Amino acid sequence: MEWLNALVQGTLLGGLYALFAAGLSLIFGVMRLVNIAHGDLIVLAAYLGLTVTSAIGLHPVVAMVLVVPAMAMIGYALQRGLLNQTLGDDLLPPLLVTFGLSVILQNGLLEVYSADPQKLSAPVLETASLPLGPITVGVLPVLTFAIAVAVIWGLQWTFYKTALGRAFRAVSDNQDIAQLMGLNKRHIFGLAMALALAVTAVAGILLGLRTSFDPASGGGRLIFGFEAVIIGGLGNLWGTLAGGVILGVAQTIGAKIDPGWQVLSGHIAFLVILAIRPQGLFPRMSG
Amino acid sequence: MPEPILQMTGLNAHYGDFQALYGVDMHVGGGEVLAIIGANGAGKTTLMRSITGLITNGPGQIQFKGRDIGGLRGDQVAETGLAMVPEGRQLFASLTVEENLLIGAQTGRKGPWSLGAVFKLFPILKERRAVPSTALSGGQQQMVAIGRALMSNPELILFDEISLGLAPIIIKDIYDALPGIIGDGMSAIIVEQDISKALSVSSRVYCLQEGRVSLEGASDTVPREDISRAYFGIE
Chain A
8 MEWLNALVQG TLLGGLYALF AAGLSLIFGV MRLVNIAHGD LIVLAAYLGL
58 TVTSAIGLHP VVAMVLVVPA MAMIGYALQR GLLNQTLGDD LLPPLLVTFG
108 LSVILQNGLL EVYSADPQKL SAPVLETASL PLGPITVGVL PVLTFAIAVA
158 VIWGLQWTFY KTALGRAFRA VSDNQDIAQL MGLNKRHIFG LAMALALAVT
208 AVAGILLGLR TSFDPASGGG RLIFGFEAVI IGGLGNLWGT LAGGVILGVA
258 QTIGAKIDPG WQVLSGHIAF LVILAIRPQG LFPRMSG
Chain B
83 MPEPILQMTG LNAHYGDFQA LYGVDMHVGG GEVLAIIGAN GAGKTTLMRS
133 ITGLITNGPG QIQFKGRDIG GLRGDQVAET GLAMVPEGRQ LFASLTVEEN
183 LLIGAQTGRK GPWSLGAVFK LFPILKERRA VPSTALSGGQ QQMVAIGRAL
233 MSNPELILFD EISLGLAPII IKDIYDALPG IIGDGMSAII VEQDISKALS
283 VSSRVYCLQE GRVSLEGASD TVPREDISRA YFGIE
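First to last, the sequence lines map onto chains A and B.
Residue numbering for the first sequence is 8 to 294, as defined by our numbering.
Residue numbering for the second sequence is 83 to 317, as defined by our numbering.
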């Protein structure tokens, strides 16, 4: 029964990892940009959530109404103002620039919010639980997982059923020809980054509700996000959810064996999958 | 001669570090079908990329409907009413046939061409609207590429090497369909290596050789030996 519990808790944790990963996956899919600052942007969103909740007194979940559009706007501005200039045939410039951005974000957060660990508090939500057969699950992890499924479904729908998604795919396929069709790729990339950071905002708030965070927390979130993307297979959003779940389950089962093994066992699961299936479990987009 | 819709004056353009066009002067009249011929490396593709805005050019070198478009981006040029059927089709691989056509309508320009009109022109595309564009035969892909360009209701349409890599029977079908496509006062530029095909559908022809215009004439009267000379540069 304890193992079943670890399995269920790990699956729910995987929802959060999938949310870390979804934005990363989307950006790479549309513009072949590997965003090293992604984890720090998640932490930035958590801090924005903290500011909104402490300044206005909103519930953290309600604070998303403000933080999500704020992060989307930051994303669009970041893409148009900085990242578009780094894109080209070479993958290295965007990698270096986002690495620099990561350093700037971490130090900026340190300057504004200090190094003290912070947490978003939602007294009722944090402790509420549901009986689920023989085990008990927290309402927050269940909510997180449900949001992750909804977000990934929403991204999938946007990609395959809307004009915006069509534009994303067209620009991803062939930038020059997409330009000839009247699509301004700089604008499309800006919208893709806005969407990615909107998802990041949701991830950041849920992270802040689940655990404490500090300005240096971003690196770990980036790694978990990357691992979920790679396990699931690049460019497949449902695969990313599966990747997050595998990572989460590996971590909770590792922690069950020995609490010190939690993070390590996640990395081991990642390495094993990378060694056996370097292309990930579910490579390629599926309509 | 009607008022030119597209006018190139002393057009210089580079392909990477290499200068590919040297002072090219050309014009296309309203409703005219122009052929541009030339060997590989003569500068035809660079010329197409310049006109469509994939390469930016100096001020005053390219004018479309009296407006300087040399400095505009590709998407801005598309909005002025200029479309291209690119060499090698270059469909969007992750989009279905219908989605490829819909992307063509992105500029939102009004006119006779719509999804229904394209499906009427090429009924096979209606049948195969939901399949990925990569699942089509070469000839069907070319129909999608043509339909995609038409969807923007252009005033000038560029056909870049539309017969390249297609079976002769398919090429014949596509050229047979061209007059119906270009009718309605649309102007067209046809870039071809197949000289007789290009001459058969055009009213005027330019030949490019090493980045310069080596011949200009009426398609039906220009002597074949002049074309060979202009094409190959043999004196």
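For glycine and all other residues, C-beta sits at the position ideal for the given N, C-alpha and C.
Note that this is a predicted model, so its numbers are computed, not measured.
I'd like the list of long-range same chain contacts for residue i, defined as Cβ closer than 7 Å, with 5 residues on each side in sequence excluded.
i	result
ALA223 of chain A	GLN113
ALA231 of chain B	ALA165, MET166, VAL167, GLY186 and ILE239
VAL256 of chain A	LEU14, GLY17, THR18 and GLY21
ALA102 of chain B	ALA95, HIS96, GLY125, THR128 and GLY293
LEU57 of chain A	GLN125, LEU127 and GLY215
VAL146 of chain A	LEU132, ALA135, SER136 and LEU137
SER245 of chain B	ILE253, GLU274, ASP276 and LYS279
Spatial neighbours of residue i within its chain, please: C-beta separation below 6 Å, excluding the five flanking residues on both sides.
i	result
THR259 of chain A	ALA13, GLN16 and GLY17
ALA270 of chain B	VAL115, ILE239 and ILE264
GLU237 of chain B	GLY163
LEU154 of chain B	GLY135
ILE336 of chain B	Since the first and last residues shown for chain B are 83 and 317, residue 336 of chain B lies out of range.
ARG228 of chain A	PHE27, GLY46 and ILE49
ALA210 of chain A	LEU26, PHE27 and ILE49
ALA175 of chain B	THR216
With a cut-off of 8 Å on the beta carbons, I'd call residue i and residue j a contact; round off their distance for me.
i	j	result
GLY242 of chain A	GLY36 of chain A	5 Å
ASN139 of chain B	PRO194 of chain B	Contact flag wrong, Cβ pair sits at about 31 Å.
ILE195 of chain A	ALA174 of chain A	5 Å
GLU243 of chain B	VAL273 of chain B	6 Å
THR189 of chain B	ALA160 of chain B	5 Å
GLY156 of chain B	LEU187 of chain A	5 Å
ARG171 of chain B	ALA227 of chain B	4 Å
LEU162 of chain A	LEU288 of chain A	About 19 Å; that fails the 8 Å criterion.
GLY98 of chain B	GLN143 of chain B	Going by Cβ atoms, the distance from GLY98 of chain B to GLN143 of chain B rounds to 19 Å, so no, they are not a contact pair.
Show which residues of chain A have a CB atom less than 7 Å away from the CB atom of residue i.
i	result
GLY186 of chain B	MET188
GLN172 of chain B	ASN181 and ILE184
GLU181 of chain B	ARG173
LEU290 of chain B	Those do not exist, as LEU290 of chain B stays about 21 Å from chain A at its closest Cβ, beyond 7 Å.
LEU218 of chain B	By Cβ distance, chain A contributes nothing, its closest Cβ being about 15 Å from LEU218 of chain B, past 7 Å.
THR134 of chain B	LEU187
Within the continuous alpha helix (DSSP H) that includes residue i, where are the two ends?
i	result
ALA257 of chain A	244 to 264
GLY186 of chain B	179 to 186
SER310 of chain B	306 to 314
GLY1 of chain A	Residue 1 of chain A is absent from the structure shown; chain A starts at 8 and stops at 294.
THR128 of chain B	126 to 134
SER61 of chain A	45 to 63
LEU290 of chain B	LEU290 of chain B -> not in any alpha helix (DSSP H); beta strand (DSSP E) instead, spanning 286 to 291.
GLY226 of chain A	225 to 239
ILE252 of chain B	250 to 264
Show which residues of chain A have a CB atom less than 8 Å away from the CB atom of residue i.
i	result
GLN222 of chain B	Within chain A, no residue comes near GLN222 of chain B; the closest Cβ sits about 18 Å away, beyond 8 Å.
LEU177 of chain B	ARG173, ARG176, ALA177 and ASP180
GLU161 of chain B	GLY189
SER234 of chain B	MET188 and GLY189
MET166 of chain B	LEU187
THR189 of chain B	MET188 and GLY189
Grab me the residues of residue i's own chain with a C-beta within less than 8 Å of its C-beta, minus the 5 sequence neighbours each way, in chain order.
i	result
ASP258 of chain B	none
MET80 of chain A	ALA201
List, in chain order, every chain B residue whose beta-carbon is nearer than 9 Å to that of residue i.
i	result
ASN191 of chain A	ARG155, GLY156, ASP157 and GLN158
Taking the beta strand (DSSP E) that residue i falls in, what are its first and last residues?
i	result
GLU274 of chain B	269 to 274
PHE241 of chain B	238 to 242
THR296 of chain A	Here chain A comprises residues numbered 8 to 294, so residue 296 of chain A is not present and cannot be evaluated.
ASN12 of chain A	Unbroken run through ASN12 of chain A is the alpha helix (DSSP H), 9 to 38; no beta strand (DSSP E).
VAL110 of chain B	100 to 111
ILE144 of chain B	144 to 146
GLN172 of chain B	Taken as a continuous stretch (DSSP letters only), GLN172 of chain B belongs to no beta strand (DSSP E), as it is neither H nor E.
PRO141 of chain B	Element bounds for PRO141 of chain B: n/a, residue is neither H nor E.
GLN89 of chain B	86 to 97
SER296 of chain B	294 to 300
Check your understanding: Three or more beta-carbon pairs under 8 Å between the stretch 107 to 117 of chain B and the stretch 285 to 301 of chain B, yes or no?
Key -> Flag = yes, the stretch 107 to 117 of chain B and the stretch 285 to 301 of chain B touch.
Review point. Given 8 Å as the limit, is there contact between the stretch 228 to 242 of chain A and the stretch 250 to 259 of chain A, that is, 3 or more CB pairs closer than that?
Key: Contact holds: three or more Cβ-Cβ distances are below 8 Å.
Check your understanding: Would you say the stretch 96 to 106 of chain A touches the stretch 42 to 54 of chain A, given that touching needs at least three Cβ pairs under 8 Å?
Key -> The answer is yes - the stretch 42 to 54 of chain A touches the stretch 96 to 106 of chain A, with three or more Cβ pairs under 8 Å.
Review point. Between the stretch 195 to 213 of chain B and the stretch 131 to 151 of chain B, do at least 3 Cβ pairs fall closer than 8 Å?
Key: Touching, no, given that fewer than three Cβ pairs across the two stretches are closer than 8 Å.
Practice item. Determine, using beta-carbon pairs with one atom in the stretch 212 to 223 of chain A and one in the stretch 177 to 197 of chain A, whether at least three such pairs fall under 8 Å. Key: The stretch 212 to 223 of chain A is not in contact with the stretch 177 to 197 of chain A.
Check your understanding: Quick one: any contact between the stretch 258 to 273 of chain A and the stretch 53 to 72 of chain A, if contact means 3 or more CB pairs under 8 Å?
Key -> Three or more beta-carbon pairs separated by less than 8 Å are not found between the stretch 258 to 273 of chain A and the stretch 53 to 72 of chain A, which leaves the two stretches without contact.
Review point. How do the stretch 194 to 204 of chain B and the stretch 196 to 209 of chain A stand: do at least 3 beta-carbon pairs fall below 8 Å, yes or no?
Key: Touching, no.
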